[in-house]
Amino acid sequence: MLHGSSNNQFNNQFDNQFLASMSIPLYLFTFNAGKRRANDELARRLASTFPQEPASIFVFGLEEMGSIIEGAYGPSSRACLREYNDLFLDALNGFYGADVARFHTVGMVSVGAIGLVAITPYPSKYTQVREARSGCGYGYSSMKGAVGLRVKYIPQGVTQSKETSVEMTFVNAHLSAYEGEYYYQKRNQNLNFVMRSLDFGDGYGFVKPGAHSFFMGDLNYRTTKKFSADSEASKKLRSLQDQSQATKELPRKLLAQYDELTLGMKAGDMLNGFSEGEINFNPTYKFVYPTAIYSTKRSPSWCDRILYQSTYRAPMTSRLLRGSKEKVLLAPVIHNYNSLDVLLSDHQPVYLNITVPFHPPDPILNASGFLQILPSDRESESSLSGPTSVYMRPTALDRLIQRLVRPAVDTTIAATLAGTTQPRGRLAVLGILLVMFGLYLMRRG
């Protein structure tokens, strides 16, 4: 009995050491394409953003990947995303080469003109892919909203031990636009709504205990509440384009001073428990297409962002291994967080190369489904922790809206636009009106 107990203890210690020393390299990318379809220039420029060694999974988010009418009509939206998926596959296979890895799409989801693609060179390590969609535009349309993919990662492969696994959730969003306090609050409402209403079919929305979580997209947070091209903020932000005055510290300084998302997260207005890499790049919006010149109609802003749940704490097994020679990753490591300088839209893409521990972050969702603020490592009288009043699991009303209301509104938008903007649509509307007028005359006669 003692011998068997010793063996079990050794095996458990080995498993714990194996898990604690594992890490997951990830690549995330988000781009507001400005209603433009996939093009070769983006494929060529993507190579400069890829890590030298292939990540475990590459996740690409898109906003405005097609026109409004293409987004409102489901088959057209999916066709736009398939074009981008092919572009991403070609870029990855071309950069790494067939002798290093062959890449496979493990997940693809869209709503409106918002899309998300997950690609990996290790398809046998990913299983149980779940999709979610949420519209938060006018009338709950998909003109604004979010899409998500939740995957289960098994480092030894699905044919091996399925007990050693962890989930990862990726969401790409497009939130409400425009400057002003009203629109800032609307973005915050959008954020909470899509985080809750994204229904992955497992009882959870975006936030799930025991999962790594990543939120990205054109979040549309601005740098001014009341825009004026002559304001001090606008002038300072536009001056970032002056290479003679550019410094690494200046973007960070202006971000801390003016950026709504940075200030809002610091105040606790949104995304408690989430963090972002250090921003050393210039605002990614709004450019005069197809130039690198900021528009004078908007204050330059860091609209395009990538965030990750950051409530990682060293599990007991990892603490016990600190004295070992095995390298143990206890918190995410950001290798590169940057924008891509391309002239393909009024936005510039943003990408993140990050490595996360195998162990997921501490949960920020309690057993009742409410967000909770975890205690800070910094001891202070102002430090707050505990449950909030923000509920974050999909409700019956959320499901009704996303399954019935959103598709009905999208169909109405598609039909209206087709009838008023397309030649065939206008002819069809004219034909219907003539028939109705003829029936009216017959009835009078």
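Numbered per our numbering, the sequence shown spans residues 1035 to 1479.
Cβ coordinates follow ideal geometry from the N, Cα and C atoms, glycine included.
It should be emphasised that the depicted structure is a prediction, and the values quoted were computed from it without experimental measurement.
Its Cα nearest to that of residue 1435, the residue 1233 stands out among 1267, 1381 and 1233. Taking residue 1181 as reference, the option from 1203, 1451, 1175 and 1207 with the minimal CA-CA separation is 1207. Taking 8 Å as the upper bound for CB-CB distance, residue 1308 and residue 1342 are in contact here, some 7 Å apart.
By the C-beta density criterion, residue 1406 is buried, having at least 16 other C-beta atoms within 10 angstroms. Burial check for residue 1444: the Cβ neighbour count within 10 Å reaches 16 or more, so the residue is buried. With contact defined as three or more Cβ pairs closer than 8 Å, the segment 1134 to 1154 and the segment 1168 to 1182 are in contact. As computed with DSSP, residue 1070 is found in no beta bridge at all. Residue nearest to residue 1079 within the set 1122, 1330, 1156 and 1450 is 1122 (criterion: CA-CA distance).
Taken in chain order, the complete alpha helix (DSSP H) segments of 4 or more residues contained in the segment 1245 to 1320 are 1266 to 1272, 1283 to 1292 and 1294 to 1301.
Close CB contacts of residue 1175 within its chain, under the 8 Å cut and outside five residues either way in sequence, are with 1106, 1146, 1169, 1440, 1443, 1444 and 1447 (chain order). The Cβ-Cβ distance between residue 1255 and residue 1294 falls below 7 Å.
Across the set 1403, 1104, 1086 and 1112, the C-alpha of 1104 shows the shortest separation from the C-alpha of residue 1450. When 1230, 1337, 1388 and 1374 are compared, the shortest CA-CA separation from residue 1092 is found for 1388. With fewer than 16 other Cβ atoms from the protein chains shown falling within 10 Å of its own Cβ, residue 1212 counts as exposed.
In this structure the segment 1068 to 1084 does not lie against the segment 1131 to 1139, because fewer than three pairs of beta carbons, one per stretch, are closer than 8 Å. Judged by their CB atoms, residue 1340 and residue 1062 are nearer to each other than the 7 Å cut-off. Rounded to the nearest angstrom, the Cβ distance from residue 1281 to residue 1267 is 18 Å, too far for a contact under 8 Å. In this structure, the alpha-carbon of residue 1215 lies about 18 Å from that of residue 1227. The segment 1424 to 1433 makes contact with the segment 1235 to 1255: 3 or more CB pairs, one atom from each, lie closer than 8 Å. Under the three-state reduction of DSSP, residue 1087 is assigned to coil, being neither helix nor strand.
The Cβ atoms of residue 1225 and residue 1304 sit closer than 7 Å to each other. Ranking 1162, 1187, 1102 and 1132 by CA distance to the CA of residue 1172 puts 1102 first. Annotated three-state conformation of residue 1097 is strand, per DSSP.
Taking the C-beta atoms as reference points, residue 1192 is found no nearer than 7 Å to residue 1231. Under the DSSP definition of a beta bridge, residue 1065 partners with 1096. Membership of residue 1338 in any alpha helix (DSSP H) is not indicated; the residue belongs instead to the beta strand (DSSP E) covering 1338 to 1343. Taking all protein chains in view, the Cβ of residue 1221 is crowded by 16 or more other Cβ atoms within 10 Å, so the residue is classified as buried. Between residue 1311 and the set 1384, 1396 and 1401, the nearest pair of CA atoms involves 1384. Among the bridge pairs identified by DSSP, residue 1186 is matched with 1161 and 1201. Ranked by Cα distance from residue 1262, the options 1320, 1143, 1333 and 1288 are led by 1333. With contacts defined as CB atoms closer than 7 Å, residue 1203 and residue 1247 qualify as a contacting pair.
Remark: C-beta atoms of residue 1166 and residue 1125 do not approach each other more closely than 7 Å.
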